[in-house]
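K.L.:
In the working numbering, the protein residues as written are 3 to 470.
1) Kindly list the residues whose CB is nearer than 6 Å to the CB of residue 274, restricted to its own chain and excluding five residues on each side of it in sequence; keep chain order.
2) Measuring only the C-alpha atoms, how far is residue 353 from residue 452?
3) Quick one: what's residue 108 bridged to in DSSP?
4) For a test of the three-state rule: what should DSSP assign to residue 210, helix, strand or coil?
5) Below 6 Å CB to CB, which residues in the same chain sit around residue 450 once its five sequence neighbours on both sides are set aside?
6) Do residue 10 and residue 251 come within 7 Å of each other at the CB atom, strictly closer than that value?
7) For residue 3, is the classification buried or exposed, using 16 other Cβ atoms within 10 angstroms of its Cβ as the cut-off for buried?
8) Check for me: the alpha helix (DSSP H) holding residue 422 runs from which residue to which?
9) According to DSSP, simplified to helix, strand and coil, what is residue 395?
10) Do you know how far the Cα of residue 162 is from the Cα of residue 228?
11) Taking contact to mean 3 or more Cβ pairs, one atom from each stretch, closer than 8 Å, check whether the segment 297 to 306 and the segment 93 to 110 are in contact.
12) Assign residue 97 to one of three DSSP states: helix, strand, or coil.
13) Please name the residue, chosen from 157, 107, 214 and 66, that lies closest to residue 40 on a Cα-to-Cα basis.
14) Is residue 381 near residue 88, with beta carbons less than 7 Å apart?
15) With 16 as the cutoff for other CB atoms within 10 Å, does residue 151 come out buried or exposed?
16) For residue 392 and residue 246, I'd like the C-alpha separation in whole angstroms.
17) Take residue 111 as the anchor and find which of 464, 141 and 166 has the nearest alpha-carbon.
18) Measure how close the beta-carbons of residue 160 and residue 186 come, nearest whole angstrom, since I'm counting them as under 8 Å.
19) How big is the Cα-Cα spacing for residue 446 and residue 51?
20) Per DSSP, which one or two residues make a beta bridge with residue 360?
21) Which word fits residue 230, buried or exposed, when buried means at least 16 other C-beta atoms lie within 10 angstroms of its C-beta?
22) Between residue 106 and residue 196, what straight-line distance do the alpha-carbon atoms span, to the nearest angstrom?
23) Between the C-alpha atoms of residue 101 and residue 62, what's the straight-line distance to the nearest angstrom?
24) Any idea if residue 153 is buried or exposed, counting beta-carbon neighbours within 10 angstroms, 16 or more meaning buried?
25) Three or more C-beta pairs closer than 8 Å, one from the segment 231 to 242 and one from the segment 25 to 40: is that the case here?
26) Quick one: what does DSSP say residue 61 is sitting in, helix, strand or coil?
27) Cβ of residue 198 within 6 Å of any heavy atom in the ligand NAD?
28) Along the chain, where does the alpha helix (DSSP H) containing residue 305 start, and where does it finish?
29) Measuring alpha carbon to alpha carbon, tell me which of 338, 334 and 346 ends up nearest residue 369.
30) Distance check for residue 30 and residue 468, CA to CA, integer angstroms please.
31) Do the segment 322 to 331 and the segment 167 to 176 touch if we need at least three Cβ pairs shorter than 8 Å?
32) Using a Cβ-Cβ cutoff of less than 7 Å, which residues in the same chain neighbour residue 220 once the five nearest sequence positions on both sides are dropped?
33) Taking DSSP as the reference, what is the three-state secondary structure of residue 386?
34) Less than 7 Å between the beta carbons of residue 441 and residue 259, yes or no?
35) In whole angstroms, what is the alpha-carbon distance linking residue 340 and residue 267?
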């Protein structure tokens with residue numbers, strides 16, 4: 003392998019995206035993956051019973067559909083869009099519903115219909131995502147659009163929710179904001195409320211037929227067609243494990259980069275990497291079921307994604323507790339039920355469910371009972387349909403995938419600073435003081451999600467400064 007142009011460490015969506023960009027430019031590239039399968043946070047496996055296919059980490063993929071880079075590749079992925087993007091049941095038997103149609107969603111929110119429509123209508127479309135799914139830059143062609151988004155995005159989720167008077171709209175917004183994994187009173191959580199709701203209106207929150215693995219398998223096929231190579235079961239613990247090459251792009255988090263490349267980077271930069279802040283982790287349960295989940299609110303059966311947490315105030319209480327190192331009795335649960343719309347996920351007549359809640363970073367607490375109680379709360383009789391379950395606590399998730407530090411699935415905490423400048427303020431967030439080494443993981447802009455853009459921009463930076 004002497005004379006390689008580039009080595010990419012990590013075969014998740016960002017690592018594979020980086021490798022494809024380099025191969026498209028005619029550069030020789032090798033991808034090294036520690037696990038025996040590729041995928042990173044986008045793997046699918048039978049972890050409960052034979053024939054039940056579960057997404058190990060990511061499950062619903064609006065950003066993969068929105069990603070301009072993935073669009074350009076024409077990946078061999080069949081996207082399945084449910085009737086509704088999100089369902090959010092409440093204790094009174096109602097469910098707030100986010101549909102792809104902004105008008106239909108607004109109409110279902112009663113007296114808050116006009117407020118929901120007026121908040122999202124000026125922002126809806128591809129243009130906003132083209133602007134925010136890229137590194138920050140001093141100039142934009144859409145200053146008014148970004149200013150309108152920024153005014154709300156910099157606020158707390160509570161601040162944005164003040165325009166709504168009823169629980170359904172407030173809860174629907176809170177469920178989207180909770181993807182920030184930060185207290186909902188925090189500045190900047192409004193960005194997650196807007197972005198996740200807008201992505202639902204834009205894409206319907208689809209999932210790939212056969213599972214998330216289909217996305218990375220399609221990326222790998224594209225890379226190999228361009229002459230790139232992937233080696234699995236090849237962990238990289240130090241620079242000595244990396245073949246000679248002109249460039250190395252790391253699809254790892256800052257803590258791992260410091261451990262691997264400590265001898266190749268100056269101490270001042272290493273200190274910054276080590277100070278990078280990680281957020282809360284997750285506890286995940288996969289269920290094999292003998293039938294669909296018996297939701298009290300029938301509309302929940304029309305959504306692949308269901309947010310379980312009750313009112314805005316209740317969700318906010320849980321998200322604040324985990325930042326204080328506590329696990330509450332009523333966690334906010336994110337649930338996916340892809341088998342209702344994709345029969346390849348389970349044997350005929352059977353179903354799968356994918357569920358997780360946020361927990362303190364590194365927590366080894368077993369949240370199975372509390373997650374099941376939350377599902378049972380809105381779907382009485384759910385437990386009677388469980389055939390088998392498989393769990394991952396936060397510590398086990400990190401053991402499974404080193405990028406999930408303490409169970410943090412977002413590549414780092416979404417503090418206000420780390421949301422706008424990842425991993426820390428820097429003119430080129432992908433470069434390092436060593437001109438040969440680049441960082442292209444979800445710890446760089448535009449952050450977490452299966453979109454490949456962190457790797458894409460890292461590879462573009464390498465081509466511009468090192469491989470031109």
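Don't be surprised by glycine CBs; every beta carbon is placed ideally from N, CA and C.
P.N.:
Concretely, from the data shown:
1) Counting only residues of its own chain and dropping the five nearest sequence neighbours on each side, residue 274 has a CB closer than 6 Å to the CB of 426.
2) Answer to the nearest angstrom: the Cα atoms are 24 Å apart.
3) According to DSSP, which records beta bridges pairwise, residue 108 is partnered with nothing at all.
4) strand
5) 412, 413 and 444
6) yes
7) A caution first: residue 3 carries a pLDDT of 45, below 50, which makes its placement in the model too unreliable to give a value.
8) 418 to 422
9) coil
10) 46 Å
11) yes
12) strand
13) 214
14) no
15) The Cβ neighbour count for residue 151, taken over all protein chains shown within 10 Å, is at least 16; the residue is labelled buried.
16) Taking the straight line from one Cα to the other gives about 41 Å.
17) The candidate whose alpha carbon is nearest that of residue 111 is 166.
18) 6 Å
19) 37 Å
20) 284
21) buried
22) 17 Å
23) 15 Å
24) exposed
25) yes
26) coil
27) Ligands displayed in this structure: none; no statement on the ligand NAD is therefore possible.
28) Boundaries around residue 305 are those of the beta strand (DSSP E), 305 to 310, since no alpha helix (DSSP H) includes it.
29) Selected option, being the one with the closest Cα: 334.
30) Straight-line spacing of the CA atoms in residue 468 and residue 30 works out to 14 Å.
31) Touching, no, given that fewer than three Cβ pairs across the two stretches are closer than 8 Å.
32) The beta carbon of residue 220 sits closer than 7 Å to those of 77, 78 and 79, all from its chain and outside the five residues before and after it, given in chain order.
33) helix
34) yes
35) 44 Å
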